[in-house]
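Take a look at the structure below.
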Ligand code: ATP
Ligand code: MG
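In the UniProt record's numbering, the protein residues as written are 1 to 770.
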């Protein structure tokens with residue numbers, strides 16, 4: 001036991017070894033909250049206070065859950081199988097799968113991702129002849145999700161005007177439709193699970209008794225429904241509540257826009273009469289300058305629970321700040337610095353490039369690709385959301401639950417089978433008339449359309465039949481073939497990439513069945529009887545038999561159902577490349593809880609970070625500042641911040657001023673890599689670089705040299721030079737900001753002032769020297 005605890009400071013030790021009561025650990029970034037939570041689980045088990053099956057831990061991402069399990073396996077000489085560690089969604093999914101009958105769901109219910117949800121809402125509006133100008137689908141989706149996050153059904157939402165009344169009515173219709181199709185959206189997973197526990201006393205008591213310890217990481221970002229769920233699960237208000245151990249940091253609350261309520265921390269203290277409040281103030285992650293920057297920045301927020309961070313690690317290096325002329329140049333500078341870091345021995349996966357908005361990643365990705373630096377993008381267009389992969393998943397979904405209309409519509413005429421929009425409309429009418437799914441409505445169709453639709457149904461049914469005994473990877477392979485998708489993409493000019501992505505799906509399925517303990521050869525479709533036998537019936541205190549949703553997924557769902565849930569729930573962070581030594585790119589939001597040796601925070605410009613949307617919201621700027629605090633505190637040893645004078649975003653060039661956050665950082669902790677030059681910078685670029693190399697030492701000298709070489713090389717090409725003034729027939733006078741490529745491939749980025757920044761092909765554009 002000693003070795004479990006000997007690496008903890010006194011406050012951490014106190015937190016880990018608290019008695020079995022509710023507790024709140026309130027502490028800043030990098031102070032060891034997650035470590036304390038994990039160690040407490042190990043300690044509880046090792047000291048015999050509880051068995052693995054008595055523990056539930058809630059993490060913010062699936063990746064975090066996996067990491068926690070790995071750490072625990074290393075700490076404990078026993079299987080971690082019985083432990084419930086996962087996200088709210090993951091845990092609810094498991095409960096609903098086991099108790100699908102009690103939850104009034106089909107056994108093979110499927111999870112709608114937000115893209116499917118939106119298209120379903122659009123169909124609903126259309127079917128009901130609703131004007132989508134007046135009732136936009138996105139607004140309705142937000143309305144529904146928001147209501148669900150508050151735990152409200154359509155009849156319970158407060159309506160105060162004709163629009164919200166209509167929305168509430170549509171919300172009801174939407175839920176009916178989901179029920180008919182056997183699909184649930186993300187928010188529904190939680191709400192349905194909450195209602196299941198609320199209404200089903202034996203079940204509720206069973207789990208309340210089972211989970212004596214519930215531990216929640218990132219508690220500041222729970223929403224109202226999640227908090228209510230935790231209250232219910234922990235038996236709050238009953239005679240023997242379990243111990244709820246929450247760790248969080250109010251300064252890192254960054255999901256208010258998705259309904260998170262930082263007030264849950266105070267509510268928790270009050271509702272659970274928390275006597276154990278522990279603050280951790282020692283930071284183990286970051287060097288001094290980085291921490292000073294974080295502390296000073298966040299001190300600008302008014303509403304804080306109050307705490308600070310200190311480190312013993314020493315001041316370390318200053319934060320490097322770089323002002324680039326354009327986003328292209330920003331990317332180039334990052335690449336150069338990344339190369340330096342790698343040369344100095346930093347591992348690629350210890351380097352993170354963070355951005356406020358996903359749209360920023362493309363330019364940086366492009367530069368990384370060109371430089372041959374392997375990278376991994378979190379949450380961009382996720383693997384499972386790529387069109388071809390979604391198509392393949394739709395076939396698999398139909399085999400598991402043919403009543404999923406979204407899946408049906410996605411592939412009924414893909415690859416093309418001559419089924420036109422008109423036939424689909426007729427089918428939709430029939431489905432409405434008979435109150436059934438599209439799939440079930442096919443037999444009502446006659447004529448040519450009936451024949452073609454029948455052909456589609458036959459593909460699904462015969463594939464399902466043929467694959468009865470096959471394993472999941474084999475099933476995927478057969479389906480790719482039988483659907484005609486492989487053939488289709490093979491005939492497409494640029495289909496090779498898509499075929500490769502599809503083939504990866506077989507690999508993903510293989511990996512999945514192995515990791516989840518199904519075994520490579522388990523049949524993908526498991527009959528309902530097999531499932532019923534596989535669960536563990538449990539008799540609760542009242543002698544009522546309930547089925548426990550115990551450990552391996554294999555006991556509660558078929559490999560196919562499990563894989564489809566995984567595709568919906570884990571799309572973001574379970575990509576195949578995870579193990580590879582690659583540079584990490586992600587939004588600041590998805591960097592929460594992570595740490596890296598070196599971190600780049602990019603695009604620190606007014607309107608981007610802080611984001612312009614924050615001006616419209618109450619507390620919006622404070623939330624942006626918390627986001628910035630999260631970004632800064634990801635760095636262990638080295639932190640970079642960049643901003644640009646101009647940036648191309650969403651097809652428009654924006655001219656920027658640097659983020660106000662720079663004013664809120666300690667000057668002595670910052671090292672400005674370029675002199676802060678003004679707008680005539682381009683014209684005087686050469687002088688500015690000389691100036692930079694003169695003022696800065698070491699790497700910066702090398703940088704200045706590199707940039708100079710670049711401009712000389714360009715000058716030797718078609719005769720154009722960076723910094724040169726040019727005249728264009730349409731755009732007027734401008735300054736060459738950057739030159740890429742050479743010879744006939746040379747392209748120049750030119751700042752045309754009022755006409756904006758343009759990228760022109762030098763061999764085509766008619767430019768004149770001024
Ligand atoms: P965040 O708020 O960002 O989620 P956190 O509070 O959860 O941060 P951890 O990720 O648990 O912090 O810990 C930060 C780092 O400090 C980790 O690398 C962890 O291993 C290390 N650490 C924590 N406590 C100690 C300790 N007592 N001695 C040495 N290292 C520690
Ligand atoms: Mg943490």
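Quick reminder that beta carbons are idealized off the backbone N, C-alpha and C, glycines included.
Under the DSSP definition of a beta bridge, which residues are partnered with residue i?
i           : result
residue 44  : Beta-bridge pairing links residue 44 to no other residue.
residue 815 : The question about residue 815 has no answer, for the chain in this structure spans 1 to 770.
residue 734 : 726
residue 653 : 648
residue 601 : 354, 641
residue 349 : In the DSSP output, where bridge partners are listed per residue, residue 349 has none listed.
residue 429 : DSSP output for residue 429 lists no bridge partner at all.
residue 183 : 110
residue 471 : 523
residue 214 : 56, 244
residue 391 : None; residue 391 has no bridge partner.
residue 276 : 23
residue 229 : Bridge partners of residue 229: none, in fact.
residue 85  : 57
Once you ignore the five residues that flank residue i on each side, which residues in its own chain have a CB closer than 8 Å to its CB?
i           : result
residue 522 : 471, 472, 513, 554, 559
residue 137 : 118, 121, 122, 125
residue 679 : Note on residue 679: pLDDT 42, under 50, position unreliable in the model; the coordinate value appears next. Once the five neighbours on either side are set aside, the close Cβ partners of residue 679 are 645.
Measure the Cβ-Cβ separation of residue i and residue j and say whether it is below 7 Å.
i           : j           : result
residue 335 : residue 359 : no
residue 183 : residue 112 : yes
residue 661 : residue 628 : yes
residue 395 : residue 483 : yes
residue 604 : residue 641 : yes
residue 189 : residue 93  : yes
residue 279 : residue 303 : no
residue 24  : residue 323 : no
residue 140 : residue 173 : no
residue 234 : residue 212 : no
residue 664 : residue 300 : yes
residue 103 : residue 86  : no
residue 285 : residue 30  : yes
Using the C-alpha atoms, what's the distance from residue j back to residue i?
i           : j           : result
residue 341 : residue 592 : 23 Å
residue 486 : residue 416 : 13 Å
residue 26  : residue 277 : 7 Å
residue 390 : residue 617 : 35 Å
residue 638 : residue 740 : 30 Å
residue 425 : residue 438 : 10 Å
residue 206 : residue 59  : 22 Å
residue 272 : residue 198 : 19 Å
residue 447 : residue 353 : 57 Å
residue 731 : residue 332 : 26 Å
residue 378 : residue 631 : 15 Å
residue 222 : residue 763 : 56 Å
residue 328 : residue 357 : 16 Å
residue 305 : residue 156 : 33 Å
residue 133 : residue 167 : 13 Å
residue 18  : residue 153 : 39 Å
residue 767 : residue 33  : 59 Å
residue 567 : residue 316 : 42 Å
residue 297 : residue 71  : 33 Å
Considering only residues of the same chain and omitting the five flanking positions on each side of residue i, which have a CB-CB separation below 6 Å?
i           : result
residue 83  : 52, 55
residue 613 : none
residue 120 : 406
residue 551 : Confidence at residue 551 is low in this model, with a pLDDT of 42, below 50, so the placement of that residue is unreliable and no value is reported for it.
residue 256 : 623
residue 274 : 22, 24
My assumption, with CB atoms under 8 Å, is that residue i sits in contact with residue j. Please give the rounded CB distance.
i           : j           : result
residue 797 : residue 653 : Limits of the chain in this structure are 1 at one end and 770 at the other, which puts residue 797 out of reach.
residue 69  : residue 80  : 5 Å
residue 110 : residue 401 : 5 Å
residue 281 : residue 310 : 6 Å
residue 40  : residue 215 : 7 Å
I'd like the list of long-range same chain contacts for residue i, defined as Cβ closer than 7 Å, with 5 residues on each side in sequence excluded.
i           : result
residue 346 : 597, 598
residue 789 : Nothing can be reported for residue 789, as the shown portion of the chain is limited to 1 through 770.
residue 770 : 725, 726, 727, 733
residue 432 : 127
Is residue i near ligand 3, going by C-beta to nearest heavy atom under 6 Å?
i          : result
residue 31 : This structure lacks ligand 3; the ligands present are ligand 1 and ligand 2.
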